[in-house]
Amino acid sequence: MTVSDINTLVESYIREHLSPTDIEQAEISRRYNQLQDFLAGHTFQSGSYARRTSSTPVNDLDVIYQLPDEVIKTLRLAEAAIDPAKLDIKRIIESLAQELHDFYGTSATIKPQPHSVGIYFGSEDDFSIDVVPAVPADNSMFWVPETAHLSIHNRRQIYEQLIKSAQPPSLNWIKSDPKGYIQEATTVDDQSGGKLRKTVKLVKRWRWYCKQQDDRFLLKSFHAEIAVTGYFKTHPGSTCLEAARSFFVRLPELLERPHFPDRADESKFIDQYLEKLTLQEKVLILSKQQRAQDALTAVATADTPQTVADALRIFLRGESKTGIIQPFQRVLDKVTRSFQQVFVKGIRPVQAREANEQFLTDFGIITNLQYSVRINANVTQDGFRPFKLLGSRFPLKKYKSLEFIVEYCSVPEPYEIKWKVKNTGAEARRIGQLRGEIYDDDGYRRRKESTKYWGNHYVECYVIKNGVCVAADHIDVDIGKN
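First residue of the sequence shown? That's 3 in the working numbering, and the numbers climb one at a time after it.
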């Protein structure tokens, strides 16, 4: 198949399997129009469905409810925020909830929440609408409760915590630009020939599956969407597959620090949550990255429509041909094995080691991970075709040559690189060949080794800048007995 054929199949797959169906869209329009008529036109849709970046099934709809003029007149606007003391949000929510209850009767369940009103059509797992109050600000923006920037699911979790809290729920207001994000999505999607929204659905569905596999997967959906949008702003002619593959190549860099200013307040970032993520939480996200890249590579090199569809399913579910990706704890244990208890702010001493094993602290090097580095290895053996270690599905055999290489490094130069080679296993222990030394790089960001002893070994790469380890990566080297 040609590249064009593959891209056409990818777009068709997204349209047929990920995009909301015509029946869904008709039902959502019916429900929304009913609500809009009742609230006298003081509403507009917000969130991913309004931006047309949500995927099927659509479980909820964000609706912004512009408070009536008579309520707004009671507010006193401070320079940077609404004074919540002048707005009885509890009374407004309760009043709106009662009006909605009278309107819907038994056809919906109305739930007043601390900062919004939920309208449930069936059980809590069925379709629902979240009505969020808002006050107009300047430049077509709005003041909204601070929880409005969260997904409906996360918003309702916070509501439950507030209700259970002994303290009454407080309310802070933030400026928001929901209409601006809707317009941006429309403009960039038009410029990309409809590929932005399709790519976002693909990446966000992958993120959804990762979250289902492990609730500690904390990459935010809107963060991924804005990252893909930024890519299409500078690459409007890209295909969905190119944009998705670029997202995963850039993922380590995207997790380093906040990148995307909030449209409503450029002093804040929509990805500011990254500053609160621990090293372990970022490792969990990156533990899914390589599998996703491998699956997308399989899509790009597929030779039949069926293999394209199969590879996309593998990508979306985080699977390989041998099953689901390995559990996070196993990955985390391996990534942090030589610098246990590492956190972004530093490192605690390692408690146990082999007799000849070395750690960065032995060299007076502290750890403060601020950047990303990614390593791989070229595997060669006489009579066999070379291949990359990452993505290999089976343990290596003995007597293969390995050349470990730095494929990506975001650390600004100058810096130095060190490598740690760790041997484990009964065979190496029996003949006194356990290793764990740290070596200086030869200047070419490479390290040559060979496979000699069976066992689960690993190599780590450290990027040192001004005496501090600012980036690190880990790769397993599993060698079979035969």
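We treat Cβ as the ideally placed atom computed from N, Cα and C, and that holds for glycine.
Shown here, Phe361 sits in coil according to DSSP, grouped into three states, outside any helix or strand. Contact between Ser403 and Ala473 does not hold, since the beta-carbon distance rounds to 26 Å and is not under 8 Å. Rounded to the nearest angstrom, the gap between the Cα atoms of Asn358 and Glu439 is 7 Å. In this chain, Lys420 is not harboured by any alpha helix (DSSP H); it is covered by the beta strand (DSSP E) spanning 418–424. Within 10 angstroms of the beta-carbon of Pro388 lie fewer than 16 other beta-carbons, which makes it exposed. A distance of 8 Å or more separates the beta carbons of Gln291 and Leu318. Taking Thr453 as reference, the option from Asn370, Ile481, Glu462 with the minimal CA-CA separation is Ile481.
Between the region 223–235 and the region 253–263, the count of Cβ pairs shorter than 8 Å is three or higher; the stretches touch.
By the Cβ-count criterion, Gln214 is exposed, with fewer than 16 other Cβ atoms from all chains shown falling within 10 Å of its own Cβ.
DSSP places Thr111 within a strand segment (E or B) once states are collapsed to three. In the DSSP assignment, the residues bridged to Pro147 are Trp175.
Pairing Ala266 with Val65, the inter-Cα distance amounts to about 18 Å. DSSP places Val133 in the uninterrupted beta strand (DSSP E) bounded by 130–138.
Distance from Arg448 to Glu405 at the Cβ level is roughly 6 Å; contact confirmed, criterion being Cβ atoms closer than 8 Å.
DSSP, read as helix, strand or coil, puts Ser374 in coil. In this structure the region 215–225 lies against the region 271–284, because at least three pairs of beta carbons, one per stretch, are closer than 8 Å.
By alpha-carbon distance to Lys200, the top candidate from Ile16, Leu392, Lys270 is Ile16. In the three-state scheme derived from DSSP, where H, G and I count as helix and E and B as strand, Ala42 is classed as coil. Straight across, the Cα-Cα distance linking Ala311 with Ile8 is about 10 Å. Here Thr55 has Arg199, Val202, Glu227 as same chain residues with Cβ atoms under 6 Å from its own Cβ, once five neighbours each way along the sequence are excluded. Scanning its chain for C-beta atoms nearer than 8 Å, with the 5 sequence neighbours on each side dropped, one finds around Glu244 the residues His237, in chain order. Contact check for Val190 against Ala246 fails: the beta carbons are separated by 8 Å or more. Rounded to the nearest angstrom, the Cβ distance from Gly469 to Thr426 is 29 Å, too far for a contact under 8 Å.
Following the DSSP letters along the chain, one finds Val5 inside the alpha helix (DSSP H) bounded by residues 5–19. Residue burial annotation: Asp24 is exposed, with fewer than 16 other C-beta atoms found within 10 angstroms of its C-beta.
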